[in-house]
Amino acid sequence: MTSSLRFVFDTNTIISALLIPVSKPRQAFDRAQDRGKILISMPALWELNEIIVRKKFDKYVSEEKRKGFLAALVKQAEFSEITETVTDCRDAKDNKFLELAVCGGADCIISGDADLLVLHPFRGIRILRPQQFLKEF
């Protein structure tokens with residue numbers, strides 16, 4: 092059963108969830124899907140699409156399965172249009188996740204990235220490691 096909860100996952104956490112099925116990132120990803128909606132934006136999707144096809148991941152999961160995972164995510168996720176620019180992250184590449192969270196009305200960002208975690212909470216949005224997310228949700 093879903094609720095109105097809305098979640099943002101950074102790219103590395105999604106990749107970890109895909110590659111390691113028993114990992115905390117995967118457990119967090121599955122729980123987020125069960126409890127609410129995962130948000131995605133075009134900038135986040137472009138980055139994920141670029142990274143998910145890298146050959147170095149072939150030894151973990153076939154490219155076909157990775158693309159299938161991405162297709163399922165796109166089908167199930169809620170797209171949010173980015174209408175506000177955010178420049179608060181010390182790693183400019185991570186601002187896209189803050190923008191997505193703000194524009195999409197996210198309840199939580201799930202990430203292991205120190206550049207994002209240091210901002211917790213960001214404009215009232217919690218930024219949690221997958222392990223913390225699992226404890227709180």
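In my numbering, the protein residues as written are 92 to 228. A virtual CB, placed ideally from N, CA and C, is assigned to each residue, including glycine.
- Between LEU207 and PHE188, the C-beta spacing is below 8 Å.
- Under DSSP, GLY127 takes part in a beta bridge, and its partners are LEU96.
- In this structure, LEU219 lies away from GLN118, with their beta-carbon atoms at least 8 Å apart.
- Listed in chain order, the non-local C-beta contacts of ALA123 below 6 Å within the same chain comprise PHE98 and ILE129, local neighbours out to five positions each way being set aside.
- At a cut-off of 3 residues, the continuous stretches assigned as beta strand (DSSP E) that sit fully inside the segment 127 to 181 are 127 to 131.
- For ILE216, there is no enclosing alpha helix (DSSP H), as DSSP marks it with neither H nor E.
- Measuring C-alpha to C-alpha distances from VAL193 to each of ASP204, PHE213 and ILE201 identifies PHE213 as the nearest.
- For ILE111, the three-state secondary structure derived from DSSP is coil.
- In this structure, the beta-carbon distance from ILE142 to THR102 falls below 8 Å.
- Residue pairing by DSSP places ILE200 opposite VAL99 and ILE218 in a beta bridge.
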